[in-house]
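Just below is one structure, and these are the notes that go with it.
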Amino acid sequence: MNYEVSEKGFYGPYGGAYIPEMLVPNITQLRQSYRKILESEEFQRELQQLLRDFVGRPTPLYYASRLSERYGTRIYLKREDLAHTGSHKLNNALGQILLAKRLGKTRIIAETGAGQHGVAAATVCAREGMECVVYMGETDIARQAPNVARMKMLGAKVVPVTSGNKTLKDATNEAIRDWINHPEDTYYIIGSVVGPHPYPDLVARLQSVISLELREQLRKKTGNTDPDYILACVGGGSNAAGIFYHYLGHQAVHLIAIEAAGKGLDTNETAATIKKGRPGIIHGSKTYLMQNEDGQITEPYSISAGLDYPGIGPMHSWLYETGRVQFLSATDTEALKSALELTRLEGIIPALESAHALAALSMIPFKSSHTVVINLSGRGDKDLAAYTDYITETEKPNQ
Amino acid sequence: MNRLHTLFQKKQINILSVFFTAGYPKLNDTSFILKELEQNGVDLAEIGMPFSDPLADGPVIQHSSQVALQNGMSLKVLFRQLSGIRQHVSMPLILMGYLNPVLSYGIEKFLEDAHRLGIDGIILPDLPPEEYEEQYKSLFEKFSLSNIFLITPQTPDDRIRKIDGLSDSFIYMLSTSATTGTRKSGFDAHRNYFEHIRSMNLAHPLLIGFGIRSRETFEEACRYAAGAIVGTAFIEAISHDEDLSGQISNFVRSIRLK
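Chains as they are written, first to last, in our numbering: chain A, -11 to 387; chain B, 76 to 333.
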C-alpha cells in the first residue's frame, strides 16, 4: 500500500488543491519548490542546527513507570511538550519560515486554535524579524488567554475572528482570505497537515522528525526501533502525522489516532470528523469533514481548542480508509480525567489535546510485554483554567 | 448553443452582469430579483448558491450567505424556486458557488437539474481547471452548460491561454486579487494588466469583476472588456428592509443607463 502523496497531491482519492484562482500562483510556486528547498543541503544544515539549538531537539523519550504500572504495559512518552514554545508545532513553523525566506516572502500569516501554532509562528517571526499576523477565533482567544499574551509579547498581531463558531475553522477561513488579498509579499504558515497540496505533505515532512528520533531512541532503550503501539491525538493531525510518518510502512506497529468526541459521539457537540463526517472539500482539500445533508460544514465542538475542527488532514482520511490507522475518540471528560491522572502519576501536566491520546490507554487491551508510545504533543500550562475547574468540580468534599 | 453564446454573439460592449445570493434578503426573493433585474435591462445574472464557509468572499457576501442559510436556502430549495423561471426570464442565468455543496448534491445530478431548469453557465471558483478538464468537461457539454473560469492579475499568460482554451462563453477577469467586496483604490494600478489582457486577443470575451460599484467603475471596466460584473455593491443596495423593486431599479440605473 502506498501512503505517500502522489505527484498531483493526492492520498488515494483525498487531498488535491481545490482553491480559487487567486491562490493558484502562490500554491504553484510552493508546489514547484518545496521539495527542492527542503532537500537541499544548505536548508537542512540551517534547519538541523536550529532544531537542536533553538527548539531543543531531540525531545526526550520518557519511560512513564507509574503510568505503565497503572495500565499493565510499558508506556513511553515522546516529550514534544518539552520542545521550545511547549509543543510540536515549532518543528513545522520553523521549517516553513525558512522556506518562506527562500521564496522571498516578507510577511507571515497563520491561523491558530489552541494558540500553540500561533505562538510557534510568532516565535519564528520574532527570530527572523518578520511581520506576523495570527488569526484566532474569539472563542479560542477567551479560552486560551495565556497563548494570546505570549503571541502579543512576541510582537505578533492577533486578529480576532468573529465568523461561525469563532474557532479554528473560522480562523483558517480568515487566514486564507488574507492570503487572497496579499498575493505577493505574504506566506501562509499553515499549522497542520490540512489545506491545499502541498501543505499536508510539507507539514508532515517537517513533523516527521518526531518519528525519526523515536526510532533511534527506542532502539537504544528497548533494542527495537518499532513499538507495538503508537497513540496520538488528531484534530487536523500534524502531531499524529509526525509520529506515524516513519512507521507507515511497518505494518506490525499499531497506529492509533484519537479524535475529540466532545460531549459524546451520540451528541451534536463533537469534533470526531472520521466518526461523524463524510468526504467533501474543506480548506482546499478533499477529505472527511463534518457537514449536513446539503453539504454545509457543521460547527464542531471540543473542550480542546486545538482539536475543535470539522475536517482532518487528507492523509488521515486515506490512512483510515486503508485501515492502516485505527481511529478512536475520547470525550472532554475522559481527556480531563486522563490529564489529571498523568499529572498525579508522573508529574507532567499535558495539553488538553494530548490528554485525548492518554485517554485511549483505557480503551485498548495491552499486554504487559507491549511497548506503547504516546505522543505527548504539548504541555498544559495554557489549559490550567479548564483543569482548575475540573479539579474543583471532582475533588470537592462530599456534602 | 446556450443563452450565453447568443448574448455574446449579439452584444460585445457594456454588458452588465449582476450577482446576488439566493435566499437573501428573504428566502423566496430569488425569482422576483431575477425578473426585476431583467426588466431593468441587466444582461445576465449570477445566482449565488450560499455556502457556510465562503473563503473567497468578503464580509458582505459572507453575511448574505449566512442569512440565506438561516432562511433555509439549500440547492434543493433553490432548484424548486427556479422551476418555471424560464416562463418569466429570458436572459442567461449562471449558478455560482463553492464545490462542496455541489459534490454533496452529486455533480451529475446538479448539472442535469440546472440544465433542465434553463441554467446556462456555472462558476465554481474552487474547482481547478485541470480537474474540470479531466473529469467534468464532457458532463458540462452534455448538458450545454458553460463553465466559467477566473483569471487574476497574477495569472501567468500560459495559464490564461489554457483557461481561454477550456472556456466556451466568457472569462471572469478579476480586477485585483482580493476577496469579494474589498475596496481597493480605483483601477489606475490595473490599467497595464487590462491593456495586457486586451493585447492577448483571447478567443473569448471578458467580463471584469471585483471593485465594480458605480457608473465610473463600470464604464472604466467596459473600456477594456465586454462588460462587468457587480456583486457586493448590489447586495448592499438590496439589504435595506424596504421596497425591493425600487432598490433594484435604482441600483441598476446608478450603474448603467439603459
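Quick reminder that beta carbons are idealized off the backbone N, C-alpha and C, glycines included.
Give me the Cα-Cα distance between residue 215 (chain B) and residue 209 (chain B), rounded to the nearest whole angstrom. 12 Å
For residue 313 (chain A), which residues does DSSP report across the bridge? A:243
With a 10 Å radius around its C-beta and 16 neighbouring C-beta atoms as the bar for buried, classify residue 277 (chain B) as buried or exposed. buried
First and last residue of the uninterrupted alpha helix (DSSP H) at residue 323 (chain B): 319 to 330
Please name the residues in the region 275 to 286 of chain A whose beta-carbon is closer than 9 Å to at least one beta-carbon of chain B, in chain order. 277, 279, 280, 281, 282, 283, 284, 285, 286
Quick check on residue -11 (chain A): buried or exposed, where buried means 16 or more other Cβ atoms within 10 Å of its Cβ? exposed
Please name the residue in B:244, B:212, B:195 whose C-alpha comes closest to that of residue 220 (chain B). B:195
Which one of A:-3, A:352, A:139, A:52 has the shortest CA to CA distance from residue 333 (chain A)? A:52
Would you call the region 235 to 243 of chain B in contact with the region 159 to 174 of chain A, where contact means no fewer than 3 C-beta pairs closer than 8 Å? no
Taking the alpha-carbon of residue 47 (chain A) as reference, which of A:78, A:233, A:92, A:-5 has the nearest alpha-carbon? A:78
CB contact check: residue 175 (chain B) to chain A, cutoff 9 Å: yes
Of the residues B:97, B:119, B:100, which one's Cα is nearest the Cα of residue 303 (chain B)? B:119
Within 9 Å of any Cβ in chain B, is that where the Cβ of residue 161 (chain A) sits? yes
Give, in chain order, every unbroken run of the alpha helix (DSSP H) that is at least 4 residues long and sits entirely within the region 248 to 298 of chain A. 261 to 264
Contact criterion: CB-CB distance below 9 Å. Does residue 151 (chain B) meet it with respect to chain A? yes
List the DSSP bridge partners of residue -2 (chain A). A:3
What residues from the region 167 to 187 of chain A come within 8 Å of chain B, judged by C-beta to C-beta, listed N to C? 168, 169, 171, 172
Can you name, in chain order, every residue of its own chain whose Cβ lies under 7 Å from the Cβ of residue 50 (chain A), other than the five neighbours on each side? 64, 65, 67
Sheet register partners of residue 197 (chain B) (DSSP bridge): B:170, B:222
On the DSSP letters alone, give me the boundaries of the beta strand (DSSP E) that residue 92 (chain B) sits inside. 90 to 96
Quick check on this structure: which residue in B:266, B:325, B:165 has the alpha carbon closest to the alpha carbon of residue 289 (chain B)? B:325
Relative to chain B, which residues along the region 210 to 238 of chain A have a C-beta separation below 7 Å, given in chain order? none
Please go through the same chain and pick out, in chain order, the residues whose beta-carbon is closer than 8 Å to the beta-carbon of residue 147 (chain B), but skip the five residues on each side of it. 98, 102
Write down every uninterrupted run of the beta strand (DSSP E) in the region 41 to 119 of chain A whose length is 3 residues or greater and which is fully enclosed by it, in chain order. 49 to 51, 62 to 67, 95 to 100
Listing by chain order, which chain A residues have their CB less than 9 Å from the CB of residue 179 (chain B)? 266, 268, 279, 280, 281, 282, 283, 284
Name, please, each residue of chain B whose Cβ falls closer than 9 Å to the Cβ of residue 317 (chain A). None at all; the shortest Cβ gap to chain B is about 23 Å.
Residues in the region 8 to 29 of chain A with C-beta within 9 Å of chain B's C-beta atoms, listed in sequence order? 8, 9, 10, 11, 12, 13, 14, 16
Which residues share a DSSP beta bridge with residue 23 (chain A)? Paired residue(s): none; residue 23 (chain A) is not in a bridge.
CA-to-CA distance, residue 275 (chain A) to residue 181 (chain B), given in whole angstroms: 16 Å
Which chain B residues sit within Cβ distance under 7 Å of residue 246 (chain A)? What residue 246 (chain A) touches in chain B: nothing, since even the nearest Cβ is about 25 Å away.
Show which residues of chain A have a CB atom less than 9 Å away from the CB atom of residue 126 (chain B). 283, 284, 285
Limits of the beta strand (DSSP E) - the one that residue 76 (chain B) falls within: Note, residue 76 (chain B): premise wrong, no beta strand (DSSP E); not H, not E.
Please tell me whether residue 226 (chain B) has its Cβ less than 9 Å away from any Cβ of chain A. yes
If the criterion is Cβ atoms closer than 9 Å, does the pair residue 115 (chain A) and residue 42 (chain A) meet it? yes
Run the CB neighbour count on residue 23 (chain A), radius 10 Å, all protein chains shown included, and call it buried at 16 or more, exposed below. exposed
Closest by C-alpha distance to residue 163 (chain B), when choosing among B:173, B:192, B:175, B:139: B:192
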